[in-house]
Amino acid sequence: MTTYVVLLNWTDQGIRTVRESPKRLDAARKVLEEMGGSFKDFYLTMGEYDMVAICEAPDDAVAARFALTLGTYGNVRTRTLKAFPEAAYRELIGTLG
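Residue numbers for the sequence shown follow UniProt numbering, so the first one is 1 and each next one is one higher.
Below, the structure written as structure tokens:
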């Protein structure tokens with residue numbers, strides 16, 4: 001599984017109905033699970049982003065499909081970062097000339 005950091009901001013619609021957001025989070029978990037992925041961590045944050053999710057997906061296509069699906073609901077906008085674990089980081093750096 002590949003790890004992704006998903007940065008989320010509420011849209012105007014999403015913040016107007018913020019009290020429903022825990023149910024939406026549960027629904028998003030289910031959608032990602034049905035796609036073969038999972039949430040590892042979720043945080044409400046202060047600053048540039050409203051929320052941060054650490055997710056795993058089988059591949060980039062699933063991660064993209066998940067982000068697009070979330071966008072179609074109209075409650076959040078996402079930015080997705082592919083994350084390399086420390087071991088992969090060390091391996092990549094080790095191959096530099």
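Every residue gets a Cβ at the ideal spot worked out from N, C-alpha and C, and that includes glycine. Fair warning: this is a prediction, and the values are worked out from it, not measured in the lab.
Coil, strand or helix - residue i by DSSP
i	result
Phe66	helix
Glu48	coil
Asp60	helix
Leu81	strand
Thr72	helix
Leu25	helix
Leu32	helix
Check whether residue i and residue j have beta carbons under 9 Å apart
i	j	result
Val40	Ala63	Contrary to the premise, residue 40 reads as Lys rather than Val in this sequence. Against a cut-off of 9 Å, the Cβ pair of Ala63 and Lys40 comes out as no contact.
Tyr43	Met35	no
Leu8	Arg79	yes
Separation of residue j from residue i, as counted between CA atoms
i	j	result
Ser21	Arg29	12 Å
Gly74	Gly97	46 Å
Arg77	Glu86	28 Å
Asp60	Arg16	31 Å
Val5	Ala57	11 Å
Residue environment, residue i, which counts as buried when at least 16 other CB atoms sit within 10 Å
i	result
Leu68	exposed
Tyr89	exposed
Gly14	buried
Leu32	buried
Thr45	exposed
Leu92	exposed
Thr95	exposed
residue 111	Summary: the structure shown does not reach residue 111, with the chain confined to residues 1 through 97, and so no result is reported for it.
Proximity test, residue i beta-carbon vs the ligand ZN heavy atom, cut-off 8 Å
i	result
Leu70	No copy of the ligand ZN appears in this structure; indeed no ligand is present at all.
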